[in-house]
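Take any residue in the sequence shown, count from 1 to its spot, add 627: that is its number in my numbering.
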Amino acid sequence: MDIAALIAWLVTAVGGFVMLGTWVAKGGTRKPERSRFSPGLIFGHFALAAVGLVLWIIYLIAGGTTLAWIAFILLVPVALLGFTMLARWIPGYRTRTATAASADAAPEQHFPVAVVGAHGLVAVATVVLVLLAALGIGS
Numbered sequence: 628m629d630i631a632a633l634i635a636w637l638v639t640a641v642g643g644f645v646m647l648g649t650w651v652a653k654g655g656t657r658k659p660e661r662s663r664f665s666p667g668l669i670f671g672h673f674a675l676a677a678v679g680l681v682l683w684i685i686y687l688i689a690g691g692t693t694l695a696w697i698a699f700i701l702l703v704p705v706a707l708l709g710f711t712m713l714a715r716w717i718p719g720y721r722t723r724t725a726t727a728a729s730a731d732a733a734p735e736q737h738f739p740v741a742v743v744g745a746h747g748l749v750a751v752a753t754v755v756l757v758l759l760a761a762l763g764i765g766s
């Protein structure tokens with residue numbers, strides 16, 4: 628379960644990097660007023676997820692359920708921030724066909740739909756796997 632959680636977390640991180648890179652490349656940091664996502668929301672989600680991943684890796688190396696639980700607890704606000712971004716992304720996605728080619732399109736309107744979906748699904752799997760591992764199920 629521990630390694631499965633790590634793999635899921637890494638796959639989720641790859642999708643997150645794709646979206647973060649797209650958001651930054653399309654002007655998310657240069658013109659944040661065009662975006663439905665504030666830089667604090669984006670980078671807060673990223674930072675908490677990265678800290679949790681590092682703690683999970685340390686847990687895998689050193690052991691101890693305390694680190695597993697801390698990593699899981701960090702995933703709670705990560706998931707809440709992720710759901711917040713999804714809720715803000717959906718209305719923009721619905722109108723993106725009309726405005727994606729426009730220079731005024733929000734940076735997140737350029738996210739590949741498959742990446743958004745896969746990132747969300749694998750993130751949910753990550754949370755479940757981390758919880759199961761922290762509970763000692765499947766170890």
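In this text, a Cβ means the ideal position worked out from N, Cα and C, and glycines have one as well.
Treat the numbers as computed from the prediction; the structure is a model and nothing was measured.
Leaving out five residues on either side along the sequence, give the residues of the same chain with a beta carbon under 6 Å from the beta carbon of residue i.
i: A727; result: Caution is warranted here: a pLDDT of 49 is assigned to A727, below 50, making its placement in the model unreliable, and the coordinate value is therefore given only provisionally. Here the set comprises Q736.
i: V645; result: V742
i: W716; result: E735
Label residue i either buried or exposed according to how many other C-beta atoms from any shown protein chain fall within 10 Å of its C-beta, with 16 as the threshold for buried.
i: G763; result: exposed
i: S662; result: buried
i: A640; result: buried
i: H746; result: buried
i: G642; result: buried
i: I630; result: exposed
i: A689; result: exposed
Closer than 7 Å by C-beta to residue i: which residues in its own chain qualify, once you throw out the five before and the five after it? Chain order, please.
i: V681; result: none
i: G671; result: L708
i: A733; result: R661, S662, R663 and G719
i: P704; result: L675
Is the beta carbon of residue i sitting closer than 7 Å to the one on residue j?
i: A761; j: A695; result: yes
i: G679; j: A706; result: no
i: T656; j: F738; result: no
i: V754; j: L702; result: yes
i: V751; j: V638; result: no
For residue i and residue j, which I take to be in contact (beta-carbon distance under 8 Å), what is that distance rounded to the nearest angstrom?
i: L756; j: A635; result: 6 Å
Enumerate in chain order the residues of its own chain whose CB-to-CB distance from residue i is below 8 Å, with the five nearest sequence positions on each side excluded.
i: M628; result: L756, L759, A760, I764, G765 and S766
i: L647; result: I669 and F673
i: I684; result: L633
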